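Trainee: Number 201 in full-length UniProt numbering belongs to position 201 of the sequence shown; there are no gaps in the numbering.
C-beta: ideal position from N, C-alpha, C; glycine also.
Every value quoted in this text rests on a predicted model; they were computed, and no experiment measured them.
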Amino acid sequence: MYQAQRDNDDKSALDGRGGLGCASLRSSFCLFPLQMAQRLLLRRFLASVISRKPPQGRWPPLTSGALQTPQCSPGSLTVTPSPARTICTTRVLSTTFNIQDGPDFQDRVVNSETPVVVDFHAQWCGPCKILGPRLEKMVAKQHGKVVMAKVDIDDHTDLAIEYEVSAVPTVLAIKNGDVVDKFVGIKDEDQLEAFLKKLIG
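1. Quick check: the Cα distance between Gln-142 and Phe-32, rounded to an integer number of angstroms?
2. Where does the unbroken beta strand (DSSP E) through Phe-32 begin, and where does it stop?
3. How close, in whole Å, do the beta carbons of Lys-182 and Leu-192 come, if the pair is a contact with beta carbons under 8 Å?
4. Would you identify the three-state DSSP class for Ala-140, choosing helix, strand or coil?
5. So, does the CB of Phe-105 fall closer than 8 Å to a CB anywhere in chain D?
6. Looking only at its own chain, which residues have a Cβ that is under 8 Å from the Cβ of Ala-140, when we skip the five neighbours before and after it?
7. I need the straight-line Cα distance from Thr-157 to Glu-113, nearest angstrom please.
8. Starting from Asp-188, trace the beta strand (DSSP E) in both directions and tell me its first and last residue.
9. Can you tell which of Ala-149, Gly-201, Val-180 and Asp-107 has its C-alpha closest to the C-alpha of Pro-169?
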């Protein structure tokens with residue numbers, strides 16, 4: 001179903017752990033054709049429309065006697081004030097986070113004041129499982145100067161289409177809402193550090 005491209009510079013990278021979408025254990029990345037992404041997105045849309053259809057004849061109609069209001073006299077009511085509670089919320093900034101949906105991507109990536117590396121990956125992609133932890137480690141070493149957003153292309157196909165992701169792993173460098181750099185496939189730690197330093201400036 002998915003095809004793979006070989007990377008002769010990293011022949012032993014997968015160590016026998018090729019993903020479902022990779023035809024070769026020596027693959028550096030797995031292809032994710034645009035046509036397949038569009039079909040997946042269409043199937044999800046149709047499934048969501050069908051799931052929203054209200055059930056027919058599931059509940060019997062309510063009659064006038066179905067609901068009864070309890071009768072209370074004014075003297076039988078006792079009001080007990082509850083103590084006031086103050087709830088404070090604090091948003092904790094993590095160097096790595098999973099994107100939940102489109103608005104979350106807009107808020108935490110496009111509108112971010114901190115440079116962001118976006119890791120487009122998939123569960124079936126063997127190279128993604130190698131690059132992901134390696135990239136997280138290198139981002140953590142930057143001490144908050146850059147953050148990492150993880151996007152599963154099977155869960156967020158619309159984002160993969162919007163950013164023209166045709167293979168995984170694909171990593172985008174986004175600064176001030178714009179894509180300023182990009183790479184596809186496995187990179188070693190030195191290459192990742194150089195990529196991050198360039199993004200940070």
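Mentor: Based on what the coordinates show:
1. Taking the first residue of the sequence shown as position 1, residue 142 is located at position 142. Taking the first residue of the sequence shown as position 1, residue 32 is located at position 32. About 30 Å.
2. For this step, residue 32 is matched to residue 32 along the sequence shown. Premise fails: Phe-32 is in no beta strand (DSSP E) and is neither H nor E.
3. As a first step, residue 182 must be located in the sequence shown, where it is residue number 182. As a first step, residue 192 must be located in the sequence shown, where it is residue number 192. So it is not a contact: roughly 13 Å between Cβ atoms.
4. Locating residue 140 in the sequence shown gives position 140, where the first residue counts as 1. Correct three-state label for Ala-140: helix.
5. Note that chain D does not occur in the displayed structure, where there is just one protein chain.
6. Along the sequence shown, one-based indexing puts residue 140 at 140. Contacts found: Thr-95 and Thr-96.
7. Counting from 1 along the sequence shown, the entry for residue 157 is found at position 157. Counting from 1 along the sequence shown, the entry for residue 113 is found at position 113. When rounded, the distance between both Cα atoms is 25 Å.
8. Mapped onto the sequence shown, residue 188 falls at position 188. Per DSSP, Asp-188 belongs to no beta strand (DSSP E) and is neither H nor E.
9. One-based indexing of the sequence shown puts residue 169 at position 169. Closest by alpha carbon: Ala-149.
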